[in-house]
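In this note's numbering, the protein residues as written are 36 to 361. What follows is a short report on a single structure.
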Ligand SMILES: [Zn+2]
């Protein structure tokens, strides 16, 4: 076996994970290039220590390595006795079986092959809870997700010029919370999935990034305390209020159009029958309150028309108000 990782760390295969860690720490400190210098010999030693720890501190890699090591030791013993037999039968012309290619059984740390193969990043799945009204109307949500990105400093290689990357401390990647702004479309159903392509964990060795899948969970409305009616406010312009107009609204059953009568007052309520929530064969209504709003940006032409309106208008809205009060 070209490398015995146990020997490199000065431990045995029977040592605990704790012992492996403490042995590694001692040696990593001793041979750290900042302390022991940047000689080729020392860097090689330091790399070897890190390579050994990378394998022996990872249960899966360790198991794989242990198997390869056992097989090697077993085969080595076999080869000794085999060569003894061979020397006994000197007349044989057959090729001695001791020409075994040990290289095939050397444990090769995975990172070598990983370095060459592009790996797609993992997908991230997360649940997003929204209210029923948000599901009907559509909404924007900011969500925080744990995301793993390749370290840009070492490009995920963990080492920079033979020294452990000082940005990721040899991890090759960063896992942090990241904010995502997501638009949830109107009429979304419970359990729907929203895919954010390429926003998942970053790929390795040039592999594509994973995706994010958001699973929509619609909160059950507390119908014991609320009625089956849905209440909402819709903004209209002054001229829509005067002339009347056609409006659209999202309901649990989809988009519904309705007409607003001319001369609609601010705060007026419109009832859309059977456009509310459904429970036990009962269905509520949607109650819409209209709110007259003056557009924040008006063109010169619009302002001129308002000027003209103020010139020709003979009614005094405050008189009308006092008349109604009286
Ligand atoms: Zn790094």
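We put the CB at the ideal spot given by N, CA and C, even for glycine. Please read these numbers as outputs of a predicted model, since none were measured by experiment.
Proximity of residue i and residue j at Cβ, strictly below 7 angstroms
i           : j           : result
residue 182 : residue 238 : no
residue 264 : residue 322 : yes
residue 163 : residue 84  : no
residue 282 : residue 293 : yes
residue 45  : residue 58  : yes
residue 179 : residue 214 : yes
residue 347 : residue 276 : no
residue 218 : residue 175 : yes
residue 66  : residue 79  : no
residue 216 : residue 253 : no
residue 268 : residue 324 : yes
According to DSSP, residues forming a beta bridge with residue i
i           : result
residue 177 : 216
residue 161 : 249
residue 239 : 154
residue 289 : 286
residue 326 : 270
residue 314 : 317
residue 306 : 322
residue 82  : DSSP lists no partner for residue 82.
residue 280 : 295
residue 101 : Residue 101 pairs with nothing; no bridge assigned.
Backbone CA spacing between residue i and residue j [nearest angstrom]
i           : j           : result
residue 247 : residue 152 : 23 angstroms
residue 345 : residue 353 : 14 angstroms
residue 160 : residue 177 : 15 angstroms
residue 69  : residue 233 : 39 angstroms
residue 307 : residue 320 : 6 angstroms
residue 77  : residue 209 : 28 angstroms
residue 74  : residue 197 : 11 angstroms
residue 240 : residue 96  : 20 angstroms
residue 165 : residue 287 : 14 angstroms
residue 207 : residue 54  : 24 angstroms
Same chain, Cβ closer than 7 angstroms to residue i, five either side skipped, listed in chain order
i           : result
residue 221 : 171, 172, 173, 285
residue 48  : 41, 101
residue 71  : 65, 77
Own chain partners of residue i with C-beta closer than 6 angstroms, once the 5 adjacent residues on each side are dropped
i           : result
residue 223 : 170, 251
residue 195 : 189
residue 199 : 205
residue 280 : 295
Close Cβ partners of residue i (< 8 angstroms) along its chain, the five nearest in sequence each way excluded
i           : result
residue 120 : At residue 120 the pLDDT is 40, less than 50, meaning the model places this residue with poor confidence; the figure from the coordinates comes in the next sentence. Same-chain partners within the cutoff: there are none.
residue 157 : 183, 235, 236, 245
residue 318 : 263, 309, 311, 312
residue 123 : Only weak support exists for where residue 123 lies, its pLDDT of 37 falling under 50; the value from the coordinates is given anyway. Cβ neighbours of residue 123 beyond the five flanking positions: none.
residue 61  : none
Chain C contact for residue i (CB, 7 angstroms cutoff)
i           : result
residue 255 : Among the chains of the structure shown, chain C does not appear; only one protein chain is present.
- Task: Check whether the region 39–56 touches the region 89–104, taking contact to mean three or more Cβ pairs, one atom from each stretch, closer than 8 angstroms.
- Result: yes
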